[in-house]
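Quick note on my numbering: the sequence shown kicks off at 37 and runs consecutively.
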Amino acid sequence: MNMKKGVIVLSVCLLLISCQSDSLRDDFTNPPNKYRPMPFWHLNGHLTKEGVEKQIQEAKELSGFGGVTVLPVTAGPQHPTGLPCPGMTPAFLSDEYFSRYMDMLEISKRQDTEIILYDDIDFPSGSAGGRLLKEYPQYTRKFMVKDEFTEQGNKRIIKEYVFDETSEMMAASAMNLSTKEVIDLAPFYDGKQLDWNAPAGEWKIMFFGSNYSLGGVHGHLVDYMQPEAVSKVMEMTYGKYDKHFSSYFGNVINKTFFDDVGFVHMEATWTPAITRLFEERTGKKAALYYPALFYDIGPETQAARVAFFDIRSELMAEGYVKQVSEWSEQRHMQSMGHPPENYSPNSVVAHGDILKYYRHVDIPLLDAIFHYGRGLHGFKQVSSAADLEDKPVVGAELYGAFPADMDSLTLYRVVMEALVRGVNFVVPHGMWYDTDPAKVRIPPLISHESPLLGSCLPNYSVYTARSCMMLQGGKRVSDIALLWPITAIQAETYINRDAESGLPVATWLPEHVNHHLLSNILTNEIHRDFTFIHPENLVNGKVTPDGKELVLNNNVNAQRYKVLIMPGGEVIYASTLKVIKDYYDHGGKVIATASLPQRSAEFGRDGEVREMILSIIGKEDPADDNLFIENKNGGCFAFIRNADKDNLEKILTRIGVAPDISFEDMPIPPHNIGYVNYIHKQKEGKDIYFFTNTTEKSVSGEITLRGKVKKMELWNPHTGETEKISKLEYSRSENGIYTTTMNISFPAVSSVFIVGNTSNE
């Protein structure tokens, strides 16, 4: 490698790290299979023992994969052409199917690769190949059903109404259209007839039911929120694998995979237990608040919606996801999977609450689909969920439904964008059993048989494995906590609002809710790493003030935040805001953007929210576009109405939050395609910096690292070669903080690690 005048030139992707461990060095030269990509292997033809063994062997020897994620598929239309494509034979879960699966396990065992257990056929998970709907329709997904009519009051209203055998009554309510008063009609309804003496006024009378098996695209799926239903579908799928292959669990099969477990395009997904839980949690009759899921019922509208939607999100986390994880753990495997639209800004309408969703998943996973860049600003939602629960591995399902002619630059760009945002295990989408382009139902084909990608896969696999090996585990350095604005979204969401918006699915947001805008600015424009934290984390002990910082209290991945950034939004938990105010009062730094909260997510606490905002800024809602307030303890509270690169960077400088990495003297090309980014981790006594350049141009110049970085080496992921770095410049500021400056140059679509020993001595 050529080094002239302090400039490190990388002709391809290079890793720069400092490491003394011979075992780590050996693993870097030849990464273990567990770090290598393990693609979806779509079974789309007639399986034979010879075909199975050939493809699994070639996946290792010709593509460099560490195993495969076995995904049976049925016949269906090809994306995006719509042309018919074949499915798998033999039949899913048949004796012959399990015989071929045994062949997969045996060849994998012999060659020391893995099988990841995909838990159904096709996607989403949770249908047992359609058997659940046929045999146990009562356990399928349930939907909110509302029937309503309007009547003038001051008279007796008699109305025949019967819920059918597929429905369960949850509430009967009446709302005065003028006063918004809501009355529980249950005392006046006998299950067949409503008999009510209505007061004066115009009344909207509503019957709320939960209905299963309405049909449609997702009508065959299990009720993910009903434990009994989940147990039944798991018995029909996981139980079959347990019966046949338990001796392979924890050795050949180390991971399980669930897919798209959520309710995207089905915003009315519900379950009857929500009614009971609402009443237990709030102490209020659910019938008085169900209308809030469709209409404005007055001052309690937002708190009611937050309560309902938060319960739904918790049931999503506690239902299918938790049971699969517990089943896997009992058998010495790790669970892995994702909901739909895990990277989108609106979790409420797709899967509940992404930061809560992953609490029980061993390996939180995102799926990057359709095209490069889609959902990019939401990738940190998934890796932040892992950080909050101290989970060392973050997965990514990449390339699904990308253009069939995807090139190798895209192959690298996509994985680099995932890695630099916290991913460290990769499931490419994917291999196909029958590789005839006319029979590949969802392109692209990612295997050695691909004429476009096949030749680069061995290098891609080893590059990915080396990167994942270095990035798994440890502690991520993150100076900024970005508050997850879930309550602001829940409060303004009503059933089918996202669909009615006319926007792409899961993208409608209330005015001022700007967390994805902030994610883009922080990551791609001013290069400040951050972690999404849940508002509950500030009150449940997960994130606590420590002097002028906030601390993520983890055993391994502990993080110390120097500032809290609040996205805009009208509604926040009063209990969360109290912690934020106390943090500020004792010297903490807070930046609020777009708008300040005015209402509480809890019933009856709106006044507390307004009083706390008033006590901080001296007014309830500033007309100013920018405010900066300091208190006697050194606390800073800044409000930026229109957050952009310049004013956010200026305010961070003003409050004294120095960057972990500075790119000030490195010209970065304007965004056309790709970005320059970094992630900084600490493990095994080392500071590990990973830089990516996914732009179409080479990047050269000075970078400055906070701290005094010593004993640095270069590690090249393509060759496994290592060499030392010696040309560094150290500086010390007036407050005694060291920085390390170096010149660096790396070409388009490449990456680099810089790792060494950091101190301020």
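The beta carbon of each residue, even a glycine, is placed where N, CA and C say it ideally should be.
Check	Outcome
Between the Cα of Thr305 and the Cα atoms of Asn290, Ser349, Met505 and Glu644, which residue gives the shortest distance?	Ser349
Roughly how many angstroms lie between the CA atoms of Phe293 and Tyr154, to the nearest whole one?	5 Å
Name the DSSP beta bridge partners of Gln370, please?	Lys291
Could you tell me which whole beta strand (DSSP E) segments of length 3 or greater appear in the stretch 717-744?	722-729 and 735-742
Assign Ile773 to buried or exposed, taking buried as 16 or more other Cβ atoms, counted over all protein chains shown, within 10 Å of its Cβ.	exposed
With 16 as the cutoff for other CB atoms within 10 Å, does Pro223 come out buried or exposed?	exposed
Distance check for Phe673 and Ile627, CA to CA, integer angstroms please.	6 Å
Using a Cβ-Cβ distance cut-off of 8 Å, determine whether Gln634 contacts chain B.	Of the chains in the structure shown, none is chain B; there is only one protein chain.
Between Trp232 and Thr186, what straight-line distance do the alpha-carbon atoms span, to the nearest angstrom?	14 Å
I'd like to check one pair, Ser209 with Pro335: are the Cβ atoms closer than 8 Å?	no
Which whole-angstrom value describes the C-beta separation of Val357 and His396, a residue pair presumed to lie in contact below a C-beta threshold of 8 Å?	6 Å
What residues match up with Arg690 in a beta bridge as DSSP calls it?	According to DSSP, which records beta bridges pairwise, Arg690 is partnered with nothing at all.
Alpha carbon to alpha carbon, how far is Ser57 from Glu720?	Caution applies to Ser57, whose pLDDT of 47 falls short of 50 and renders its modelled position unreliable; the value that the coordinates give is listed next. One C-alpha to the other measures close to 10 Å.
Where are the alpha helix (DSSP H) runs, 4 residues long or more, that stay fully inside the stretch 510-578, in chain order?	522-528, 533-536 and 551-556
Extract the residue ranges of the beta strand (DSSP E) inside the stretch 144-189, only unbroken runs of 3 or more that lie entirely within it.	150-154 and 178-188
In the DSSP assignment, find the alpha helix (DSSP H) that holds Arg502 and state where it starts and stops.	Leu493 to Leu507
Determine the contact status of Pro546 and Pro480, defining contact as a CB-CB distance below 8 Å.	no
I think Asp139 touches Glu89, with their Cβ atoms under 8 Å apart; what is that distance to the nearest whole Å?	6 Å
Apply the 10 Å Cβ neighbour rule to Ser651 and answer buried if 16 or more other Cβ atoms are within range, or exposed otherwise.	exposed
Below 8 Å CB to CB, which residues in the same chain sit around Leu488 once its five sequence neighbours on both sides are set aside?	Asp441, Met442, Asp443, Ser444 and Pro480
In angstroms, rounded to a whole number, what distance separates the CA positions of His387 and Arg61?	41 Å
Out of curiosity, what's the CA-to-CA distance linking Ile790 and Thr500?	17 Å
Kindly provide the ranges of any beta strand (DSSP E) runs that are 3 or more residues long and lie completely inside the stretch 588-627, ordered along the chain.	595-597 and 599-602
Output the distance between the C-alpha atoms of Ile562 and Phe727, rounded to the nearest integer angstrom.	14 Å
Tell me whether the stretch 501-520 and the stretch 566-584 touch, counting them as touching only if at least three CB pairs, one residue from each stretch, are closer than 8 Å.	yes
Can you tell me which of His256, Ala340, Pro108 and Gly87 puts its alpha carbon nearest to the alpha carbon of Gly640?	Ala340
Within the continuous alpha helix (DSSP H) that includes Ser349, where are the two ends?	Thr337 to Met352
Please name the residue in Ser698, Lys722, Lys668 and Tyr71 whose C-alpha comes closest to that of Tyr620.	Lys668
DSSP three-state call for Arg635: helix, strand or coil?	strand
With 16 as the cutoff for other CB atoms within 10 Å, does His368 come out buried or exposed?	exposed
What's the gap between the Cα of Val599 and the Cα of Leu574?	14 Å
Do the CB positions of Leu119 and Tyr469 come within less than 8 Å of each other?	no
With a threshold of 8 Å on Cβ separation, who are the neighbours of Phe179 within its own chain once the five nearest residues in sequence on each side are excluded?	Ser246, Asn247, Tyr248, Leu250, Met302, Ala304, Thr305 and Trp306
Sorted by chain position, which residues of the same chain lie with C-beta nearer than 8 Å to Asn662's C-beta, five sequence neighbours on each side aside?	Ala674, Phe675, Ile676, Arg677 and Asn683
Quick check: the stretch 595-611 against the stretch 731-739, are there 3 or more CB pairs under 8 Å?	no
Using only the alpha-carbon positions, how far apart do Lys268 and Met261 sit?	13 Å
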